[in-house]
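Below: the structure, in structure tokens.
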Amino acid sequence: MIVLFLSLLALAQDGASDLPPMNVQTFRPSIDSERTLWTDDTGVVDQGPSARMMLGYQRDPMVLRQGSSFSSVLQDVAQAEFMGGYSYGRLRIGGYVPIIAYASGDGVGQVAGLGDMAVDIRGTVVERAEGPLGLAFASRVSFPTATIDAPLGAPGVGFEFSAILDGEVGPLLLAANLGARGGPGVDLPNSSVGPGFIFRTGAGYALSEGAGISLDVGGQASFAGLNSLAGVPIEALVGGWGHLGRGWTLRGGVGRGLTPGIGAPTSRAVLAIGWQPRPAKDSDGDGILDSDDDCPLEPEDFDGWQDADGCPEPFTVVEVSTVDVDRHPVASARLTIEGESWSTDAGPVSLELMPGTHELDVVADGYLPHLSTIQVPPGPPVREEVVLQPMPAVFGTLELTVKDIDGVPLDGQVRLSDADVRSFRKGVATIEIEPGAHVVTVSSEGYAAARLEAEIEASETTSMTVQLRPIKVKVTQERIEILEKVYFDTAKATIKPESYPLLDDVAAAIEERDDILVVRIEGHTDTRGGREYNFDLSRRRASSVRDYLIGKGIDPSRLVSEGFGFSRPVDPREVPEAWEKNRRVEFVILKWAE
785 MIVLFLSLLA LAQDGASDLP PMNVQTFRPS IDSERTLWTD DTGVVDQGPS
835 ARMMLGYQRD PMVLRQGSSF SSVLQDVAQA EFMGGYSYGR LRIGGYVPII
885 AYASGDGVGQ VAGLGDMAVD IRGTVVERAE GPLGLAFASR VSFPTATIDA
935 PLGAPGVGFE FSAILDGEVG PLLLAANLGA RGGPGVDLPN SSVGPGFIFR
985 TGAGYALSEG AGISLDVGGQ ASFAGLNSLA GVPIEALVGG WGHLGRGWTL
1035 RGGVGRGLTP GIGAPTSRAV LAIGWQPRPA KDSDGDGILD SDDDCPLEPE
1085 DFDGWQDADG CPEPFTVVEV STVDVDRHPV ASARLTIEGE SWSTDAGPVS
1135 LELMPGTHEL DVVADGYLPH LSTIQVPPGP PVREEVVLQP MPAVFGTLEL
1185 TVKDIDGVPL DGQVRLSDAD VRSFRKGVAT IEIEPGAHVV TVSSEGYAAA
1235 RLEAEIEASE TTSMTVQLRP IKVKVTQERI EILEKVYFDT AKATIKPESY
1285 PLLDDVAAAI EERDDILVVR IEGHTDTRGG REYNFDLSRR RASSVRDYLI
1335 GKGIDPSRLV SEGFGFSRPV DPREVPEAWE KNRRVEFVIL KWAE
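In the working numbering, the protein residues as written are 785 to 1378.
Structure (structure tokens):
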């Protein structure tokens, strides 16, 4: 509403012909906002058209006053606003056509007709999904197409330009528009209508997936009328929406002016129906729309194998073929993996295996048994070729008795070569092997492996006893735990020889676990001595351990060292027992393979 302090009330009483041509309306609905009625947002609809029709009523958008007398120049306005748009990627072009169904007031009588049509363009720079905030720019050009003799049509072309910023906080969408408008201006006795700042803020809260409530506050500030509230119309609009299905949405709201500015009515009510393609649904978020997704609730694993169907492939197809040393196929070989067997009578065998490590056992008449470990990666099919060694005409026998240091028989494996690993149980391994010199590795879980040299003679049995010592380390998710301490010469970083076996076990644990990428070697001291002295001693001791492990073949890139002095005690007491505990070396796993 405007309250104009005019010297002549006759301006209102003499009819619309005495009113200068102008458009006092500041409210214009958004063409395709998602949750608000007035405030634009950056949302980009799917490529294609959208449409919206709004029915609206406003009361007293323009009132003149002389002394204590009031005159409603524009009292009642009922109109229908037709909007449509087309989106292509980040660009949306739209049109706006207002039909004034009824307008009345002291200054206009009763009129109806066409209002000012407009073209609306929005370009989205950053979508909300791409960052914390969305950013877009919008421009609107209006044309003097009004056919009614009332202050609802401008005498010339007008334009708006605004920046749009929005963001989501859970179910709440916040948006703000700030810009300027230009075009013909009209000077009034205590204000003006025309170029100025425009501002809109809106909030939409989704009560559910299909309905919500909204609040819009917006207005403008005329460049020439900033010295009067009449030139700063501000209005608030409370509303809501509900999706009807198939892209249709019903919206409505009520509001009123917050200032006595030109175009801010004492009351407003709107009801709108709109159609806009709903965003294509991707329930599992894998980028494949539900309509094309064979598994809409399970995301595709994109492992390079059948990635277009939208379904994860838990198994990898492994094609196993058996050949002799000349690469000729070996028929009638029997493959065994985890207790299940297959025959190569019909050629290569296709297996569906879970990604990971699998033990493959292959036997065939006339060939040595083959036992190997295969690594199955996730993704497309892989091929595994097994080369079988011919059975020697004459064999010798290697008989191994394997025990721990207490004489308890062990289960484990005997590795004759990378391609020949034999399992044994209850401490006895009997292996038929071709004559000659052999180096074998005997291992058992929880024990340090032992390497043996054996001279095998044809048709003879060579017996050997192997005693395996327990491994003094244990690998957990966070660290490599050592069951003994690493000892150094007093006040030095020199490792005592008695700790070499322990560090050998640490090196073996790191070497055997390719999935351990980085280990930090930590040196700790007790509190005796100065702080700087202990920090330096702990750093040098940790570095000595790192050098020792590198000397055992560990890649330097997998090891870092750091000294902490007495800053991290495990026992804070100042007694010899606590000092003994605090003097220690720890191995912390910093990074695992993905």
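Every residue, glycine too, gets a C-beta built ideally from N, C-alpha and C.
Reduced DSSP secondary structure (H/G/I, E/B, other) of residue i
i, result
"Ala887", "strand"
"Phe1348", "coil"
"Leu991", "coil"
"Asp950", "strand"
"Arg1330", "helix"
"Ala1362", "helix"
"Asn961", "strand"
"Phe927", "coil"
"Ser998", "strand"
"Leu1287", "helix"
"Glu1265", "strand"
"Ala750", "Residue coverage of the chain in this structure runs from 785 to 1378, which leaves residue 750 outside it and unanswerable."
"Ala1005", "strand"
"Ile1294", "helix"
C-alpha distance - residue i paired with residue j, whole-angstrom precision
i, j, result
"Ala800", "Arg924", "With a pLDDT of only 42 at Ala800, under 50, the local geometry of the prediction cannot be trusted, and the value read off the model is given with reservation. Approximately 28 Å, taken between the alpha carbons."
"Thr1185", "Ser1341", "39 Å"
"Ala1048", "Val1038", "13 Å"
"Ile883", "Val808", "15 Å"
"Ser1322", "Gly1307", "5 Å"
"Asp1403", "Ala1326", "Since the first residue shown for the chain is 785 and the last is 1378, residue 1403 is missing from the structure and cannot be characterised."
"Leu790", "Arg849", "Low per-residue confidence applies at Leu790: pLDDT is 41, beneath 50, and the placement is therefore not dependable enough to give any value."
"Leu956", "Leu1021", "17 Å"
"Ala1362", "Ile1279", "21 Å"
"Pro1219", "Asp1273", "48 Å"
"Val1369", "Ser1243", "52 Å"
"Glu1122", "Asp1298", "23 Å"
"Pro1113", "Gly1131", "8 Å"
"Met1248", "Arg1167", "38 Å"
"Asp1145", "Arg1367", "48 Å"
"Leu1267", "Glu1237", "30 Å"
"Glu911", "Arg876", "13 Å"
"Thr1043", "Ser888", "22 Å"
"Asp1068", "Ala913", "16 Å"
"Leu1073", "Ser992", "22 Å"
"Ile1264", "Val953", "43 Å"
Inter-residue CB distance, residue i and residue j (contact presumed, cutoff 8 Å)
i, j, result
"Thr826", "Ala920", "4 Å"
"Leu1301", "Trp1376", "6 Å"
"Val1198", "Arg1209", "That pair is no contact at about 12 Å."
"Gly942", "Ser926", "4 Å"
"Val1147", "Val1104", "The pair is not a contact, with the Cβ atoms about 13 Å apart (cut-off 8 Å)."
"Ala1203", "His1154", "7 Å"
"Gly967", "Gly978", "7 Å"
"Val970", "Pro804", "5 Å"
"Leu1275", "Gly1337", "Looking at the sequence shown, residue 1275 is not Leu but Ala. With a Cβ gap of about 30 Å, Ala1275 and Gly1337 do not count as contacting."
"Tyr870", "Pro833", "5 Å"
Whether residue i touches residue j by CB criterion (8 Å)
i, j, result
"Ala964", "Phe945", "yes"
"Leu1081", "Ile1057", "no"
"Pro1161", "Thr1100", "yes"
"Thr1157", "Thr1128", "no"
"Arg836", "Met806", "no"
"Thr1246", "Ile1255", "no"
"Arg1315", "Gly1349", "yes"
"Phe1179", "Glu1136", "no"
"Gly878", "Asp904", "yes"
"Glu1346", "Arg1304", "yes"
"Thr810", "Pro1017", "yes"
"Leu999", "Ala987", "yes"
"Glu1019", "Gly1036", "no"
"Gln1173", "Val1109", "yes"
"Val1250", "Ala1293", "no"
"Asp844", "Ser853", "no"
"Gln842", "Arg1030", "no"
"Ala1383", "Gly897", "Because residue 1383 is not part of the residues shown, which for the chain are 785 to 1378, the question remains open."
"Ala1005", "His1027", "no"
"Gln863", "Gly893", "no"
"Val1365", "Val1354", "In the sequence as displayed, the identity of residue 1365 is Lys instead of Val. Yes, the Cβ-Cβ distance between Lys1365 and Val1354 is below 8 Å."
"Leu962", "Leu917", "no"
"Ile1189", "Arg1253", "yes"
DSSP beta-bridge partners of residue i
i, result
"Glu1097", "BP columns for Glu1097 are empty, so no partner."
"Val909", "In the DSSP output, where bridge partners are listed per residue, Val909 has none listed."
"Phe866", "Met837, Val881"
"Asn807", "Leu936"
"Arg1323", "Beta-bridge pairing links Arg1323 to no other residue."
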